[in-house]
Amino acid sequence: AWTSLDGQMVKLFEGRAVENGGAAPGTVLAAGDLLTVACGSGALELRVVQPAGKKPLSVAEWVRGRGIEAGQRFE
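End of the sequence shown = 89 in our numbering, gap-free, step of one.
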């Protein structure tokens, strides 16, 4: 699936469904070794992403490189 964060496209890979604490869909709930993003029902815990024009990389690398934090929102 493709989405965007701060105007930059990113493809989401290798995720699994987890519980959601009730945040709005697209909200980053946790950012670290894994990235947890709220969905309409539940949340996704992501492990691998691919920024537009780049190779797939681990969420941990992407989070460190982009400075992603809880509370940011995918569009």
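Using N, Cα and C, we set each Cβ at its ideal position, and we do this for glycine too. If you're wondering where the values come from, they're calculated on a predicted model, not measured in any experiment.
If you ignore the 5 residues before and after glutamate 89, its C-beta comes within less than 6 Å of the C-beta of Ser18, all in its own chain and listed in chain order. Cβ contact annotation for cysteine 53 (same chain, cutoff 7 Å, sequence separation greater than five): Asn34 and Pro39, in chain order. When DSSP reads this structure, glutamate 59 sits in a beta bridge with Arg30 and Thr50. In this structure, phenylalanine 27 lies away from arginine 78, with their beta-carbon atoms at least 9 Å apart. Straight-line spacing of the CA atoms in alanine 15 and lysine 25 works out to 6 Å. Out of Arg30, Thr41 and Gly29, the CA that lies nearest to the CA of aspartate 20 is found in Thr41.
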